Structures are given as structure tokens and as C-alpha cells.
Amino acid sequence: MTGNCSLEQDVLPTLLRCGDLKGLSLPSDIHNLSVPADLVLAENDVPKRLRRPAVFLDRDGVINRDHGWVGTRERFEWEPDVLETIAQMTDSGHHVFIVTNQSGVARGLYTEDDLKQLMDWVIETIRKHGGTIDDWRYCPMHPEAVVEQYRGQSPDRKPAPGMILDLITRWELDPARCVMFGDQPTDIQAADAAGIKGIRVGPSTLAELASHRGSFQ
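Going letter by letter, the sequence shown gives residues -11 to 205 in the working numbering.
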């Protein structure tokens, strides 16, 4: 079939005659974009359906043991079963993000480059175990920073929701299907401020809490 043709008048009848056309019953409404009313509905409905669920993870105390300002691989110790848990979250269709305050940079304990090198290794290790970290955010700012360029307030530093809101916008997420796991009250406050559910880690680990939740199995 060449040239201009109609899907309804040319393509579908031809496929039907050749026995190559099958019909399926869809569980939801179909929008006919040639109908103005349906087009308006589709413009609102389709983006909502495309928005995906996501898991936001604090780092220290959730992914790794919190030994205080961890900025190198030598001080990084994985929490029990966390790699398998992140893989399950990935397999369940959730985006997975890390959002972490990193005042160790502001305190001069390690640099942003040190942090990025560590996180490259963390993300690659998670990938090798079947999980995916789709994106991550960090805030190096602190009101009492030793390094002057990092001294001050920031809308990204938890309990402020800046990091979470940025990821929700950039990745077109569905806040109603997002959850934040963190071990500090500031993590839960940031989740609340961003309009997503917050779950406190500790004394139960991320793996234990995720298994009880059931939606990542």
C-alpha cells in the first residue's frame, strides 16, 4: 500500500482481509483525538497516566551505615540486604533516587569531587546487583560551614523539599505514588513538604521496611 491512505478505510480492512488483524478489549476508556471533547480529556488524562511512581532514598543510615560524614569508599559500609532491595524496587517499575545532605563538604572533610567519585562507585555497584539509581541530588550547604562558599541556607537542604521537588518535576513523577525512606526527622519533614509519603528507617532497615510494604516484591 503506497501513497496517501486512511487507517480506517484502507489499512484496517486490508489487514482484516489478510487475517493479520486482531482485537483486544482494553480495560479503560479510549480517547478519539478527532473529537474535540476527547482531545481535551486526553490532554489532561494521558500525562497523568504516563507519570511513574518513585522511591527517594536518603543515603547515610539508609543505604550505608552512618559513620558520620562518609566521603570515601574506605568508610562506606553497606546496610544489610540494601542492594537486593534496590534491585526489587527497580524491578517493580519504580524510579529510584538518592537525595542526601552532605555537610561533610561544608565542614571541609571531603570535597564535592570526592563525593561524586564515591557516588559513581555506589551507583555502579547497585547497577551490578540489578538495581538502578535513575538520578541523585545532594546539598553541600550548611549554616555553620567551615568552608565559606558552602555557608548559608539552601532550599535544597532537608528538611526543605528542594531536591525532591526538582526530581519530581524533571522526571514527571506522580507524587501520590512516591515514597521517601530516611533515618532522620528532616527526611520525613522534607517528604511532607514535597507532598509525598515519608517512612522512617530505624531501627528497622530499608530491606525490612520494603518487604513489609509489599509493593516492591
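From the three backbone atoms N, C-alpha and C, an ideal C-beta is built for every residue, glycine too.
Computed from a predicted structure; not experimentally measured.
Around the CB of Pro131, fewer than 16 other CB atoms lie within 10 Å, so the residue is classed as exposed. Rounded to whole angstroms, Asn52 and Gly59 show a C-alpha spacing of 12 Å. With the rule of 3 Cβ pairs closer than 8 Å, the region 80 to 91 counts as touching the region 145 to 160. Lys104 counts as exposed, since fewer than 16 other C-beta atoms from the protein chains shown sit within 10 angstroms of its C-beta.
Going by DSSP, Leu45 is part of the beta strand (DSSP E) stretching over Arg40 to Leu45. Taken atom to atom, the span from the alpha-carbon of Ala94 to that of Ala148 is near 17 Å.
One alpha carbon belongs to Thr2, the other to Ser22, and they sit about 22 Å apart. Non-local beta-carbon contacts of Leu153 in its own chain, meaning distances under 6 Å to residues more than five positions away in sequence, involve Ala182 in chain order. Put simply, the region 56 to 72 touches the region 105 to 124. At least three CB pairs are less than 8 Å apart. Short of 6 Å from the beta carbon of Cys166, and not among the five residues preceding or following it, lie these beta carbons of its own chain, in chain order: Ala42 and Ile184. In this chain, Gly186 is not harboured by any alpha helix (DSSP H); it is covered by the beta strand (DSSP E) spanning Lys185 to Arg188.
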